[in-house]
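The structure appears below as structure tokens.
Set out below in structure tokens:
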């Protein structure tokens, strides 16, 4: 009997720019939540709610990063194309800095402390 | 690959010149009188020009709106210029709704078909005006896959096109 393996995931390091912060006039890191809301909305608009659920987008270390502008997201490998497209088509723009299979690798090249 | 609009400083040699030599292509509105130190291409914007027989020399035609692309393609076909690049900017659809994004994707598929038939090159660019709007290579590949264009084939064709088309060095 073969055990079913877990779904493969990918971690994305995003840069939330000042435009979103000023757009929502937020000072308490809630701009990150707003950026996720924008991203989820865009994803479901473009690919549908079923694909959004399949992608299993989750926010990781939102408040623990040394820079308030960085954000780490997790999503299913199968939905990575849709996810990257949704990020590229989002306004105000979110910037994808790096994509990796592990958080360690993701943050290794950039001076980010978790 | 980075294309930079109207950068005067690239006429002068600096410490970084040799490092970024092959990865940078300058974009000019008209052919420069003095040759820059990097490769360059002449870009014509849809909003700034009317396509007729008196149109000046250009390498890339930059499309602004997805809803007028059919008229533009007809005009470009009449103009009969071979081996030009047709540019589409992702920036243009960031603020569009999902219906418009769908139409945009359909239009790119048709523009790509047109480019293949007429020996021209499709160029999908970020159109970034700020650092935040820049798009990574992985994201470009994902967008290409959604557009049903094979990324490796696209990048190879684009590289070949830039090598044959871009001007370099003092003339």
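Protein chains in written order, with the working numbering: chain H, 1 to 114; chain X, 1 to 171. Using N, Cα and C, we set each Cβ at its ideal position, and we do this for glycine too.
Residue i to residue j span [Cα, whole Å]
{"i": "residue 122(H)", "j": "residue 158(X)", "result": "Residue 122(H) is absent from the structure shown; chain H starts at 1 and stops at 114."}
{"i": "residue 14(H)", "j": "residue 84(X)", "result": "35 Å"}
{"i": "residue 92(X)", "j": "residue 11(H)", "result": "28 Å"}
{"i": "residue 35(X)", "j": "residue 166(X)", "result": "12 Å"}
{"i": "residue 38(X)", "j": "residue 89(X)", "result": "23 Å"}
{"i": "residue 26(H)", "j": "residue 147(X)", "result": "Caution applies to residue 26(H), whose pLDDT of 49 falls short of 50 and renders its modelled position unreliable; the model cannot decide the point."}
{"i": "residue 48(H)", "j": "residue 93(H)", "result": "21 Å"}
{"i": "residue 48(X)", "j": "residue 50(H)", "result": "42 Å"}
{"i": "residue 107(H)", "j": "residue 104(X)", "result": "35 Å"}
{"i": "residue 96(X)", "j": "residue 112(X)", "result": "21 Å"}
{"i": "residue 23(X)", "j": "residue 33(X)", "result": "23 Å"}
{"i": "residue 6(H)", "j": "residue 50(X)", "result": "56 Å"}
{"i": "residue 70(X)", "j": "residue 138(X)", "result": "29 Å"}
Residue from the options whose Cα sits closest to the Cα of residue i
{"i": "residue 80(H)", "options": "95(H), 49(H), 89(H) and 99(H)", "result": "99(H)"}
{"i": "residue 108(X)", "options": "98(X), 23(X) and 122(X)", "result": "122(X)"}
{"i": "residue 26(X)", "options": "40(X), 33(X) and 32(X)", "result": "40(X)"}
{"i": "residue 37(H)", "options": "57(H), 50(H), 47(H) and 51(H)", "result": "57(H)"}
{"i": "residue 17(H)", "options": "54(H), 70(H) and 39(H)", "result": "70(H)"}
{"i": "residue 52(X)", "options": "43(X), 106(X) and 77(X)", "result": "77(X)"}
{"i": "residue 57(X)", "options": "45(X), 30(X), 73(X) and 65(X)", "result": "30(X)"}
{"i": "residue 55(X)", "options": "75(X), 64(X), 67(X) and 70(X)", "result": "75(X)"}
{"i": "residue 59(X)", "options": "136(X), 96(X), 45(X) and 142(X)", "result": "45(X)"}
Contacts around residue i, its chain only, beta-carbon distance under 8 Å, and the 5 residues preceding and following it disregarded
{"i": "residue 144(X)", "result": "124, 150, 151 and 154"}
{"i": "residue 54(H)", "result": "76, 78 and 79"}
{"i": "residue 68(X)", "result": "46"}
Cβ-Cβ distance between residue i and residue j below 7 Å
{"i": "residue 132(X)", "j": "residue 95(H)", "result": "yes"}
{"i": "residue 60(H)", "j": "residue 74(H)", "result": "yes"}
{"i": "residue 87(X)", "j": "residue 62(X)", "result": "yes"}
{"i": "residue 79(X)", "j": "residue 114(X)", "result": "no"}
{"i": "residue 128(X)", "j": "residue 134(X)", "result": "yes"}
{"i": "residue 119(X)", "j": "residue 160(X)", "result": "no"}
Neighbourhood of residue i by C-beta distance below 6 Å, restricted to the same chain and skipping five residues each side
{"i": "residue 8(H)", "result": "77"}
{"i": "residue 116(H)", "result": "Residue 116(H) is absent from the structure shown; chain H starts at 1 and stops at 114."}
{"i": "residue 141(X)", "result": "151"}
Checklist entry - Using 8 Å as the Cβ pair cut-off and three pairs as the minimum, do the stretch 31 to 43 of chain H and the stretch 85 to 97 of chain H touch? => result yes
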